Amino acid sequence: MRKLFATTSIISALAMPLGASMANEVVPVVHPDLVSVSQLSVPLSIDLAHLQSRANAALAGRLHTFNENNVHCVKAKWFKTKVPEFRGLKIYSKIVKTKISPDLYCDLRGHVDRRGDLAISGNGSTLNFSLPIHASVTAKTIGIQETAKADATFFISATPGINAEWQPTLDVHSDFRWDRRPEVRLLNMIKVTIGSKVEPKLRAEMAKLEASVPPMLEELNLRVEVEKIWSDVQDPILISKIPQTWAVFVPTAVGVSGFNVVGQSLDTQVFLEGETRVFVGEKPHVEKVALMPLANTAPEAGQFSLAVPIAVQEGEVQTLLDAVPSDMLTFEIDEGIALQGTLKVTDLDIEMHGNGGLSLMADVQFDNRSDWLKAIDIFNWFDVEGRVELSVFPALDESTQTIYAQGLRLDSETNSSLADTLMDVLDLPFVRDALANQLKYDFSEELAEGIAEANAAMNQSVDGVVHISGALVNAGVRDLVIKDGLMLVVAEANGAVSASFGALNN
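As numbered in mature numbering (1 follows the signal peptide of the UniProt record, and there is no 0), residues -23 to -1, 1 to 483 make up the sequence shown, in order.
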């Protein structure tokens, strides 16, 4: 059976016709803010295979068509030789050039096509794009024509990022490599290299491809995804049903860790920093915070913290008090001539006040009559009895997970010697200790259940689209609060919590 304890300051009010007047003082327990500084992570992942599929669907099969006339294909060839030259008595040599073949001008017809799919891969923070191409170009001149075949590969490396306004950014570098250069031989004799004619066109097409990479990421609408999660995680989450307890995450800053290629996905972590506020009672109304610009620096990885109020209800405590045997709180008092007799404390009742106070009421009877007086006092007129109210101040023992009484204090002002005698008896240390020992409450079961409920609440679908998942552990007991007829043990739960699209990982 669980035990109840409470720190009590006894402010007694004698409910008997003794003319006693008691000051009904209630000392409130300090109410801590049920607020924790938290960080919530939002993993974002871009499937490279999906990105590659979309890019290939949008990329034309034919990249360029050649239709150029009078292109200088072959430069004239000259024969150089030295011939003697006489200048007086001296002989010099000079170079004589003789054209042996003319300049050739060609008409170029052909096309550049993809010879495979655009491939997207990555390493670390860099995305790599590669596209194999094939060129077929026919050179025609003076009734002669030959067709050149060529193969090349475009390469693009891009380092992705996100700017403060949630737009994707890319630091892009591109190049290409000839796998087979375009060459023809006219009449199988004259070698014509048209790579210098084809290469500028290829580079122009590569620039177009490079320019198409940022829109690929923009179409993924990262901001829309983050904005949806940002809004949904601010909805109140029911973390306990009895009593109704709600957790509300209020973001105050947001940052991103940067992109990293993991396997076939481009991953990043968005970190939402803020406060987790806990409300006991009705579902709170939330004024949601709009998505903020990204911080300039990525935040350090933190943890999600949650205050978990464990409710100890007045009825539970009363049930334990009702089970106290009637003879358990009977004391034989022998404290000198003035304080001798039998004290009985019965009919214990607990009351939790809305202002944070806790009271224990009890019927008390002190019989200090002599044997001779007992014999003639058949109606118990000469013993002292009444009902007292004890102001209770509970404290926590985290090591044993119990609530206990720090001590009892008795304050009284009466004009009755009989009432004063009763107050003196109740104020005896061993009486106060005995009462305090009856007021102990083991909240370990409730604590375990509360942490389990909080974990369940942190693993759920918010609206069927955004899902929250996490693992929280008990990080200790923070404080004790009496609020609205409840005694709340405020535990701290810490762990990692994330919000994302898609199904939960069961």
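For every residue, glycine included, the Cβ atom is placed at its ideal position computed from N, Cα and C. Predicted model, so just to flag it, every value in this text is computed and none were measured.
Alpha-carbon spacing of E176 relative to V190, whole angstroms: 21 Å
According to the Cβ coordinates, are P286 and V263 closer than 7 Å? Not a contact, by the Cβ cut-off of 7 Å.
How should W55 be labelled, buried or exposed, when 16 other C-beta atoms within 10 angstroms of its C-beta is the threshold for buried? The residue is exposed, with fewer than 16 neighbouring Cβ atoms inside 10 Å.
Backbone secondary structure at N47 - three-state DSSP: strand
Measuring CB atoms only, is the segment 104 to 115 touching the segment 125 to 142, in the sense that at least three cross pairs come out at less than 8 Å? yes
Pull up the distance between the alpha-carbon of V14 and that of A230, whole angstroms please. 12 Å
Inter-residue spacing [alpha-carbon to alpha-carbon] between D344 and M400: Put simply, the backbone Cα of D344 is about 13 Å away from that of M400.
For E49, count neighbouring C-beta atoms within 10 Å of its own C-beta (all shown protein chains included) and say buried if the count is 16 or more, exposed if not. The sequence shown places His at residue 49, not Glu. H49 comes out exposed.
How about A470 and L283: are their beta carbons less than 7 Å apart? yes
Take L465 and list the residues in its own chain whose beta-carbon comes closer than 8 Å to its own, dropping the five residues that flank it on each side. V257, P286, I287, A288, V289, L457, V458 and I459
Work out the CA separation of S173 and Q122 for me, nearest whole Å. C-alpha separation (whole angstroms): 18 Å.
Could you check whether S234 and T245 sit closer than 7 Å to each other, using their CB atoms as the reference points? Yes; because the gap between Cβ atoms is below 7 Å, this pair is in contact.
Runs of beta strand (DSSP E) lying entirely within the segment 209 to 279, each at least 3 residues, in chain order: 214 to 217, 222 to 233, 237 to 239 and 242 to 257
Please go through the same chain and pick out, in chain order, the residues whose beta-carbon is closer than 6 Å to the beta-carbon of H111, but skip the five residues on each side of it. So the list reads D90, R92 and D128, once near-sequence residues are dropped.
Beta-carbon spacing of V467, I206 below 7 Å: Between V467 and I206, the C-beta spacing is not below 7 Å.
Does the beta-carbon distance from V450 to F308 come in below 7 Å? no
In chain order, what residues of the same chain have a beta carbon less than 6 Å from the beta carbon of V73, not counting five sequence neighbours either side? T58 and V60
For my contact list, F248 and G447 are in at a C-beta cut-off of 8 Å; report their separation, rounded to the angstrom. Contact between F248 and G447 does not hold, since their C-beta atoms are separated by about 14 Å, which reaches or exceeds 8 Å.
Host beta strand (DSSP E) of F478 (start-end): Residues L463 to F478.
Backbone CA spacing between A473 and E328 [nearest angstrom]: Distance between the alpha carbons of A473 and E328 is about 39 Å.
Would I310 pass as a contact of V225 if the rule is Cβ separation under 7 Å? no
Does the beta-carbon distance from G138 to V238 come in below 7 Å? no
Cβ separation of A411 and L335, assumed to be a contact under 8 Å, to the nearest whole Å: That belief does not hold up - the Cβ atoms of A411 and L335 are roughly 19 Å apart, past 8 Å.
Distance, K265 Cα to Q211 Cα: 6 Å
Can you grab the Cα-Cα spacing for the pair D152 / M183, in whole Å? 8 Å
With distance defined between alpha-carbon atoms, name the residue in T377, E62, P270 and L199 nearest to K236. With the sequence shown as reference, residue 236 is identified as Phe, and Lys is not the correct amino acid for it. Shortest Cα-Cα distance from F236 to any of T377, E62, P270 and L199 involves L199.
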